[in-house]
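Trainee: If you read the sequence shown in the numbering used here, its first letter stands for residue 441, the second for the next number, and so on. Take this structure, written in C-alpha cells, and hold onto it; I'll ask about it next.
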Amino acid sequence: MSPKEKPINPNMAAAIGGAFRKLAPKNQLRNPVMFVVYVGAIVTTALYIYDRINALSLGNEPYWFRLWIAIWLWFTVLFANFAESIAEGRGKAQAEALRALRKEVNAKKLRVASRHKDYEVVSATSLRKDDIVFADTGDFIPGDGQVIDGIASVDESAITGESAPVIRESGGDSDAVTGGTRILSDWLVIRITANAGESFIDRMVSLVEGARRQKTPNEIALSILLAALTLIFLLAIATLLPFSIFSTETAKAGTPVSITVLIALLVCLAPTTIGGLLSAIGIAGMNRLLTANVIASSGRAVEAAGDVNVLLLDKTGTITHGNRQAEEFYPAAGSAITELAEAAQLSSLADQTPEGKSIVALARRKYNVCESNEKPEEGMFIAFSAETRCSGIKTSSRQILKGAPDAIEKHVRTQGGMFPDDVRRKVEEVARSGGTPLVVIDGAKVLGVVYLKDIVKAGIKERLADLRRMGIKSVMITGDNPLTAAAIAAEAGVDDYLAQATPEAKLKLIRKMQTGGELVAMVGDGTNDAPALAQSDVAVVMNSGTQAAKEAGNMIDLDSDPTKLIEIVEIGKQLLMTRGSLTTFSIANDLAKYFAIIPAAFASTYPELGALNIMHLASPVSGMLSAVIFNALIIVALIPLALKGVKYRPVGAAALLRRNLLVYGLGGIVVPFIGIKMIDMLLTLAGAV
C-alpha cells in the first residue's frame, strides 16, 4: 500500500516519550529560543529546591509561585518538544509503512548477460551495482535497476498505489524498475543500479524519517532572527534587576524584582510560540508532500517550490503521453508508398523506442512489408543521438536514415541532394496538426514523411491555467520542430515553448532564467533531461523515468503525473505561509503579553504601574503565573495548525500580507488578552493564588 493510501496516525505515547528524550542539552541547543526557556526552567527549579532546603525566601513572592513557574516553564519546553516529536512520529510511521514494501526475495543472477537461463539463485541483499539479473513472470524485481533487454508488464502498486500495471522495456524512457515491484507478464533482463541499502525505498525511508533533515535557508534565517530577538530581550531584562534594586534603595520603598519574575518575563516576551513550533512546521511540510505521493530529497526543495515562478515541462511523457505512434506514411513525389514503408521499417528495426516499434508495426500491418526482424547481413545500424537527431541503417550499397526534418535536410544538402518542396509542405502540414514528422531518406534521395501522432494528456490545459493564476509561467521544452511545438503548445495551453531543444539548449535556457532572477522548476523523465533537472531549483522526476533522471532530480513523483507540480507548489507555499503566519502571531502575541506582564512584574518595585493593569488581573502573582501558563498552552493549541498547515489560497503577496496581519496579527494581539484573563479568573476561583 502506498503512503498516499495509508493514513498515518502517529503514536501519541511515542511522541510524549520523545518530548522527554529531547530534554537532553544537545537537542535543546539546536533551538536558541527554547534553550533560553530550558535554562530558565533549570534555574527556577534550582532556586525552589535551594529555597526549600534552606527554608529561605529568595524574593517577595511565595515559595509555591516559584514552583509553579518552574513547572510551567518545563511544560513549555516539553510542549515544544512534543510538537517536534509528533511531526517526526508521522515520518517514522510512514517510514515503517515503506519498510514493509521491502521484501526478502531471491534473485536470478545471470552468469552471462545474453543467456537468460544460465543463472544462479542468490539473495537480493547480496546484489551489487552492475550485477545482471533475470526476472520472469511472477517474480519480484530484486533491486532498483535499468532494463537492458526484454519488455514486461510490471505491477508497481506497492510503490505508487495505482492498480494499473505499467510497461517497462529497454531502449526508451521507461527502462527504470524499482525493487519490490512484481512482473505480471513476460520477462526482463535488468542491470542493478544500486547496492543493497541504497535502493529507492531505502532512500525514501531515510528521507521520511527525518534523520537527515537539515534546516532550510529560510528556516535558518528565521532561527537567526528569533535568536537575535531573544538576545535583545535577554540583554534588556538583565539590566532591569540593577535598576529595580537602585530604585528601591533610592526611594526607600518597595522591593526589588526577583530572579523568578525576570525569568518569567523573559520567557513570555521572547518569541517562544514560533520558536517552539518552527521545527515541527518544517518536518510537517515534508510529510504533507509525501501524502501527495511525492518524495522530496530535502526541505530546501519543498520551500523552493513555494517560490517558483517558471515551470519547464518536457513535452514527451510529460505534456503528451510519450508513446508517439506512427499514423501514416506520406511518400515524396516520384516515390512509391511501399518503397517509403520498406525504408522506414529498415531504419527502425534496431529502434527499440515505442515510436520505432510503431513504424515497424505500421509498415507490416498496412503495407505487408517483410516481417524479418534481422538487419541485412552486411548492414550496420546507426543509433539515434541527441546531436544528429536521426537514426537508421547502413549497408555496403545504401544508407537509410529517418529523423527530424531539419536534421535530414541538412544531411541531404551535404550529400549534394535537394529537399523536395512537396515534402517540406507535408512536414509543415503534419506539424500544424500537432503531429511529429519524421523524414526518411535513402542516400541523398528523400523518400517521404512518417506521421507520428502525439496525444496530449487529459486535463493538462486546465491545470496549466491554474498555474498561470498562481503567477507561474509554463514553458514546454521539446526536440520537435517549431511548427509541431507550436501546435502542441497551443493544444496544451502552455505560455511559451522551446523547440529543437538539445540537452545543452535546455541547460542554457534554465541558466539564463536563473540569472534573470527567476526560480525555475522542471518536470522531466528522460536521460536527456538529467542536466537540466540538475540545474533547476525544483526538479520533479516522474517515477516512470530513467535512473539518470531520478538521480538528477530533487523530487520524485510516484504517480508520474506532470500536473502534480501544482500540488507541490501549493504545499511549498503552504509551508512558507504557515511559518509566516505563525511568526506574525507569535510577535503580535508578545506585544499583547507585554501589557499583562509588565505591570505584574514590577508592581512590587513601582506600585504606580498598577494603573496599567488594564486587564484587571487579580494580583501581580496571578498575572505573572497566568501569562506563563498561557505562554505554554498556546503552543499546544497551535500544534494542529503547524502540522496541517495554513490553507493555501492563490492570491497575490499584498493580499496575503493584509490577510495575515488581519487574522494572525490581530488574532495574536486579542487572543492573549482573552486567554490570560480567563486563566487568571480560573486561578482565582480555584483559590490557587
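The C-beta atom is built at its ideal place from N, Cα and C for all residues, glycine as well. If you're wondering where the values come from, they're calculated on a predicted model, not measured in any experiment.
Three or more beta-carbon pairs under 8 Å between the stretch 747-755 and the stretch 704-717, yes or no?
Mentor: no
Trainee: Mark W508 as exposed unless 16 or more other C-beta atoms lie within 10 angstroms of its C-beta, in which case mark it buried.
Mentor: buried
Trainee: Around the Cβ of K557, are there at least 16 other Cβ atoms within 10 angstroms (buried) or fewer (exposed)?
Mentor: exposed
Trainee: Find the nearest neighbour of V477 within the set F580, L624, F673 and A741, judged by alpha-carbon distance.
Mentor: F673
Trainee: Who are the Cβ neighbours of Y770 in its own chain at under 6 Å, not counting the five residues just before and after it?
Mentor: Cβ-Cβ distances below 6 Å link Y770 to K866, G888 and V889 in the same chain, with the five nearest sequence neighbours on each side left out; the list follows chain order.
Trainee: Run through DSSP, which three-state label would V748 get?
Mentor: coil
Trainee: For the putative contact between F580 and R608, defined by C-beta atoms under 8 Å, what is the C-beta separation to the nearest angstrom?
Mentor: That pair is no contact at about 14 Å.
Trainee: Using three-state DSSP, classify L892 as helix, strand or coil.
Mentor: strand
Trainee: Have a look at N658 and M1017 and give me their C-alpha separation to the nearest angstrom.
Mentor: Those two C-alpha atoms are separated by around 12 Å.
Trainee: On the DSSP bridge list, what partners appear for M962?
Mentor: L752 and A979
Trainee: What residues in its chain sit with their C-beta under 6 Å from that of V545, if we drop five residues either side in the sequence?
Mentor: A564, F580 and P582
Trainee: Please name the residue or residues paired with I840 in a DSSP beta bridge.
Mentor: I833 and D882
Trainee: Secondary structure at I623, three-state DSSP: helix, strand or coil?
Mentor: strand
Trainee: Is the stretch 928-938 close to the stretch 734-743, with three or more CB pairs under 8 Å?
Mentor: At 8 Å Cβ cutoff, the stretches do not touch.
Trainee: Select from D615, I714 and M916 the residue whose C-alpha is nearest the C-alpha of T516.
Mentor: I714
Trainee: Excluding sequence positions up to five away, which residues of its chain have a Cβ less than 8 Å from the Cβ of I1054?
Mentor: F1035
Trainee: Once you ignore the five residues that flank G457 on each side, which residues in its own chain have a CB closer than 6 Å to its CB?
Mentor: none
Trainee: Is it the case that the Cβ atoms of I1008 and A745 are separated by a distance below 8 Å?
Mentor: yes
Trainee: Using the Cα positions of G993 and A801, report the straight-line distance between them to the nearest angstrom.
Mentor: 35 Å
Trainee: Counting pairs of beta carbons, one from the stretch 960-978 and one from the stretch 895-910, are three or more of them closer than 8 Å?
Mentor: no
Trainee: Can you tell me the Cα-Cα spacing of S873 and D570, whole angstroms?
Mentor: 44 Å
Trainee: Quick check on P1080: buried or exposed, where buried means 16 or more other Cβ atoms within 10 Å of its Cβ?
Mentor: exposed
Trainee: Rounded C-beta distance between A1157 and A988? I'm assuming under 8 Å.
Mentor: A query on residue 1157 cannot be resolved here, the shown segment of the chain reaching from 441 to 1129 and no further.
Trainee: Going by DSSP, name the residue or residues bridged to S593.
Mentor: For S593, the beta-bridge partners assigned by DSSP are I607 and S625.
Trainee: Leaving aside the five residues before and after L1125 along the sequence, list all residues of the same chain whose C-beta is less than 7 Å from its C-beta, in chain order.
Mentor: Cβ neighbours of L1125 within its own chain (closer than 7 Å, five residues either side excluded): none.
Trainee: What are the residues that DSSP puts in a beta bridge with K549?
Mentor: E560 and V573
Trainee: Are the CB atoms of D754 and G899 within a distance shorter than 8 Å?
Mentor: no
Trainee: Going by DSSP, what residue range makes up the beta strand (DSSP E) through Q765?
Mentor: Q765 to P771
Trainee: With the cut-off set at 8 Å, would you say A416 and F519 are in Cβ contact?
Mentor: The requested residue 416 does not occur in the structure, where the chain is confined to residues 441 to 1129.
Trainee: Whose CA, out of T485, K1084 and V629, lies closest to the CA of A575?
Mentor: V629
Trainee: Within the same chain, show all residues whose beta-carbon is closer than 6 Å to that of P1039, passing over the 5 residues directly before and after it, in chain order.
Mentor: The beta carbon of P1039 sits closer than 6 Å to the beta carbons of L1049, L1052 and N1053 from its chain, once the five residues preceding and following it are set aside; these are given in chain order.
Trainee: Please classify Q785 as buried or exposed, where buried requires at least 16 neighbouring CB atoms within 10 angstroms.
Mentor: buried
Trainee: Can you have a look at I633 and say buried or exposed, based on whether 16 or more other CB atoms are within 10 angstroms of its CB?
Mentor: Note that residue 633 is Thr in the sequence shown, not Ile. Buried, since its Cβ has 16 or more Cβ neighbours within 10 Å.
Trainee: Within the chosen definition, does the stretch 1115-1124 reach the stretch 1057-1074 through at least 3 CB pairs nearer than 8 Å?
Mentor: yes
Trainee: Once DSSP output is grouped into helix, strand and coil, what is the label at L907?
Mentor: helix
Trainee: Look up S614 in the DSSP assignment and say whether it is helix, strand or coil.
Mentor: DSSP places S614 in coil when its eight states are reduced to three.
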